[in-house]
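Single-structure report; data block below.
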Amino acid sequence: MTAKEIVIEAGQELRGYVEETLTVELRSGKAEIFGTELAINHKYQFTSGMKFAIFTYWGCTVNIISPREDYYVARDENPMHIYLNVHGMLEQLRQKADVEKTRGPRIMITGASDAGKSTICRMLVNWAARLGRTPILVDLDVGQNQISIPGTIAAMVVRRPASVEEGFRIEMPLVFHYGYKTPSENIGLYNEIVSSMATYVNIRSENVEKSLISGVVVNTCGYIQHEGYELFKHVAKAFDVDIIVVLDSEWLATKLTSDLPSVKLISLPKSGGVVAKDAAKDKFRENKIREYFYGPKNNICPHVFTMEFSEIKIYKIGAPQIPDSCLPAGMILKNPYNKILPIAPSNALVHHVLSVSSSNDPEQLLTKNILGFVVVQHVDADKRTLTLLSPQPNVTNKLLLVSDTLFVDMK
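First residue of the sequence shown? That's 1 in UniProt numbering, and the numbers climb one at a time after it.
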């Protein structure tokens, strides 16, 4: 391990992607990471797969401890001031809504993959929380969801800025099961759960004045072509957004301006620190699942227990599309993508993440949120039992949903 003191001048950013471990300590000045202020003389620990960007408006000195130099000071033109202007605009709208007792701003962040959408969403809600607002953050990115694990969409009320090291940590986010790795794998189901999420968010806004005034920040996926573009329009209408931010895509900005003329559109550049890293995405997904079961610092001991086949019911949402030529003449198949299929326990489920539904009725699985997750570690066909990994000592609800997401527990 080597320690190095680095001076970051006003308007500059220290960026890094951690390969092993890294410790950051702010020694003087003021700085923030993704909208969360750093405390003086506090040591922040980052582990493998994490990224950070320390930005300062005033200048600061930081101490870095790391076995390798996984960081650099960016001296290029930084769009942070532009992003802060967007925050300022949103706060003005909130102040207006506060006076008039009306709805606050609803903003949707769009753009291609690796444009920095999640980061901007995190900054916007963190800055709002620092002013005492409680915006609702909605994350519709099923591949790299920052609230829940991969294969889901989620929402939460942001009452305080995210932890520098752990991100958003809350006990009961609102989560809907999707079960696939990208929206393109099941467009019909994705649209349906987005609509269900929007309904819940609207109810929360209508019944809690502070949430109504603070508004909603919606993060979207990076699938922007063909059906992906139609998804954006569906999201905008479902959440009734007032503002759309498009990151680094002139084509998308032009299309949305034409198709959604009543919505204010803002086209912004992406940060120079955004880098496409497929391996980093895989590590992020694995870390999110591991955090769920073991805690952000491996400080939670999950439970392993066995259940009989007869104690639970397992379902998968979505059937393969059957070509029209294979159907009887005149027959119309009703939306197979949303079909609820019972699944018999077998070795094919090993390492799959299962969502625990809040529903007691299989017919309501599409419209009900989920309570948590378990992972199938072993299936014994002879004894007709499954061994499950769970943060809880048992499964309180017996309807489980299969996800394509896998987690191989090496501990």
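Virtual Cβ for every residue (Gly too), placed ideally from N, Cα, C. The model shown is predicted, which means the values in this text are computed figures rather than measured ones.
From which residue to which residue does the beta strand (DSSP E) around residue 422 run?
-> Coverage of the chain is limited to positions 1 through 411, which leaves residue 422 absent and any answer about it impossible.
Distance between Q225 and A154 (C-alpha atoms, nearest Å) = The C-alpha of Q225 is placed about 23 angstroms away from the C-alpha of A154.
Are the Cβ atoms of G215 and L406 separated by less than 8 angstroms?
-> no
L265 versus I244: straight-line alpha-carbon distance, rounded | 5 angstroms
Is the CB-CB distance between Q146 and S184 below 8 angstroms?
-> no
What first and last residue would you give for the alpha helix (DSSP H) that runs through V62?
-> Per DSSP, V62 belongs to no alpha helix (DSSP H); it is in the beta strand (DSSP E), 60-66.
Taking just the CA atoms, how far does P161 sit from I300?
-> If you take the alpha carbons of I300 and P161, they lie about 23 angstroms apart.
Keeping to the same chain, check which residues put their C-beta closer than 8 angstroms to that of N338; ignore five residues upstream and five downstream.
-> G188, L189, E192, I317, G318, L366
Using the beta-carbon count (16 or more within 10 Å), is V81 buried or exposed?
-> In the sequence on display, residue 81 carries His and not Val. It is exposed - the Cβ of H81 has fewer than 16 other Cβ atoms within 10 Å.
Spell out the partners DSSP gives I243 in its beta bridges.
-> I107, K264
So S346 packs on L399, CB below 8 angstroms; how close in whole Å?
-> Wrong, their Cβ atoms sit about 18 angstroms apart, outside the cutoff.
Look at the Cβ atom of V62, then the Cβ atom of L140, and state whether they are nearer than 8 angstroms.
-> no
Run the CB neighbour count on K30, radius 10 Å, all protein chains shown included, and call it buried at 16 or more, exposed below.
-> exposed
Considering E69, what are the terminal residues of the alpha helix (DSSP H) in which it resides?
-> E69 -> no alpha helix (DSSP H), and no H or E assigned at all.
For Y17, write down the residues that DSSP places opposite it in a beta bridge.
-> K51
Name, in chain order, the residues that DSSP records as bridge partners for Y44.
-> V24
Thinking just about the alpha-carbon of each residue, which of A39, S205, W58, E20 is nearest to the one in Y71?
-> E20
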